[in-house]
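Undergrad: In this note's numbering, the protein residues as written are 253 to 657.
The structure's right below; bear with me while I get my questions together.
Pasting the structure below:
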């Protein structure tokens, strides 16, 4: 396809318009708001509402599990339903649940309300992520999304600790409602042409699953499984890192500063991911990043002081975004219909359910935070093993997949 044809195709797709990309980027930041702010939200649940560290793990699992469920359900309907109506329904769920959390503070009540809020966030986020994947350059769109996360994460980690619990919920309500004046910027329906230009495989013939007929049907599912396992690590680490640091030798004021300023490592992660993928493809740098992640989260198993916290958290933030760029781009490159792109928040949320639940169980068994960080390290290593299997299997059989950038 020559440049003129690509331009013409881009002009025909409403997903390539700046309004669609702009609202989709905003929605991903709001939809993933709990995910990126979970360290300070977890601490607020403990300090402001008196929940135990074990209860916090289950609350985080409920919130992010709802995100997973909402995104998973959305993947079956997103190609047929009006996306604007899906977003309106999602906003109603999320706003209602967060509003009720302001006055209902019993643990069991909050647990179910966080599940409902997560469900709304999942539908909301699935529409946004699928819309970014429907652009003619999904890898660039996801990179922009993760680049924006660096700033939203820093803002959340700086300002949320200064607020009351009701103030935190009010911020989420306001951000969801702010979508309403721009609802028409969301393309109502998917286009048949979505993702064809981004697919690295020369043969664009689709099977019934929305992927190229040359790619085995299990490949996108394998990628989603690796994403789930990756997020078991991310969910566990990010839920408990502040609580673990405060319970050990790290200085409280230092811990807060590290969490805020480390967020800007995400910018470096996005930059390095783009440069390296252009030269080495997606999977090979991903393998190195996951191995390094295994080491930096495992570092805290021997205890946390100011130095180890700095090294681990800064490295984690750089690698988290770095890994996500590659994982999301890999799926977008083989997904023509947007079905699997819509499932990515579901995979992330599922990992975020399993991770905090496993961590809470370890803490409940009096195994301490060392066991939590060892579990995180093991999850990153397993995810690396899955991608290594993919690379070794397809480097000769499907080099366009193994070396895709």
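Beta carbons: idealized from backbone N, C-alpha and C, even for Gly.
Just to confirm the assignment, what range does the alpha helix (DSSP H) spanning residue 509 have?
TA: If you number the chain shown from 1, residue 509 lands on position 257. Taken as a continuous stretch (DSSP letters only), the alpha helix (DSSP H) holding residue 509 covers 504–514.
Undergrad: Using the C-alpha atoms, what's the distance from residue 322 back to residue 331?
TA: Taking the chain shown and counting its residues from 1, the one referred to as residue 331 is at position 79. Taking the chain shown and counting its residues from 1, the one referred to as residue 322 is at position 70. The alpha-carbon atoms of residue 331 and residue 322 are separated by roughly 15 angstroms.
Undergrad: With burial defined as no fewer than 16 other Cβ atoms inside 10 Å of the residue's Cβ, what is the status of residue 574: buried or exposed?
TA: Here residue 574 refers to the residue found at position 322 when the chain shown is read from its first residue. Answer is buried; the Cβ neighbour count reaches 16.
Undergrad: The alpha helix (DSSP H) spanning residue 385 covers which residue range?
TA: In the chain shown, counting from the first residue as 1, residue 385 sits at position 133. 359–385 is the extent of the alpha helix (DSSP H) around residue 385.
Undergrad: Can you tell which of 467, 499, 569 and 523 has its C-alpha closest to the C-alpha of residue 511?
TA: As a first step, residue 511 must be located in the chain shown, where it is residue number 259. That would be 569, whose Cα lies nearest to the Cα of residue 511.
Undergrad: For residue 379, which residues of its own chain have a beta-carbon under 6 angstroms away from its beta-carbon, when the five flanking residues on both sides are left out?
TA: Here residue 379 is taken as the residue at index 127 of the chain shown, counted from 1. So the list reads 335, 338 and 339, once near-sequence residues are dropped.
Undergrad: Throw me the rounded Cβ distance for the residue 286 and residue 373 pair, which I believe falls under 8 angstroms.
TA: Against the chain shown, residue 286 aligns to sequence position 34. Against the chain shown, residue 373 aligns to sequence position 121. Correct: roughly 7 angstroms between the Cβ atoms.
Undergrad: As a quick exercise: from 360, 617 and 430, pick the residue whose alpha carbon is nearest that of residue 282.
TA: Along the chain shown, one-based indexing puts residue 282 at 30. Among 360, 617 and 430, the Cα nearest to that of residue 282 belongs to 430.
Undergrad: Is it the case that the Cβ atoms of residue 400 and residue 516 are separated by a distance below 8 angstroms?
TA: Counting from 1 along the chain shown, the entry for residue 400 is found at position 148. Counting from 1 along the chain shown, the entry for residue 516 is found at position 264. For residue 400 and residue 516, no; Cβs fall outside 8 angstroms.
Undergrad: Let me know the secondary structure DSSP gives residue 413 once reduced to three states.
TA: One-based indexing of the chain shown puts residue 413 at position 161. The answer is helix: DSSP assigns residue 413 an H, G or I state.
Undergrad: To the nearest angstrom, how far is it from the Cα of residue 503 to the Cα of residue 265?
TA: In the chain shown, counting from the first residue as 1, residue 503 sits at position 251. In the chain shown, counting from the first residue as 1, residue 265 sits at position 13. Each residue's Cα considered, the two are about 52 angstroms apart.
Undergrad: For residue 272 and residue 435, I'd like the C-alpha separation in whole angstroms.
TA: Stepping through the chain shown from its first residue, residue 272 is reached at position 20. Stepping through the chain shown from its first residue, residue 435 is reached at position 183. Computed Cα separation, rounded: 10 angstroms.
Undergrad: What does the Cβ neighbour count give for residue 284, buried or exposed, with the cut at 16 atoms within 10 Å?
TA: By one-based count along the chain shown, residue 284 stands at place 32. Burial call: buried.
Undergrad: Hey, out of 280, 304 and 376, whose CA is closest to residue 360's CA?
TA: Translated into positions along the chain shown, residue 360 becomes position 108. Among 280, 304 and 376, the Cα nearest to that of residue 360 is on 304.
Undergrad: Is residue 556 closer than 8 angstroms to residue 497 when the C-beta atoms are compared?
TA: Within the chain shown, numbered from 1, the residue matching residue 497 stands at position 245. Within the chain shown, numbered from 1, the residue matching residue 556 stands at position 304. For residue 497 and residue 556, yes; Cβs fall inside 8 angstroms.
Undergrad: Just to confirm the assignment, what range does the alpha helix (DSSP H) spanning residue 300 have?
TA: The count along the chain shown starts at 1 and reaches residue 300 at position 48. Taken as a continuous stretch (DSSP letters only), the alpha helix (DSSP H) holding residue 300 covers 285–301.
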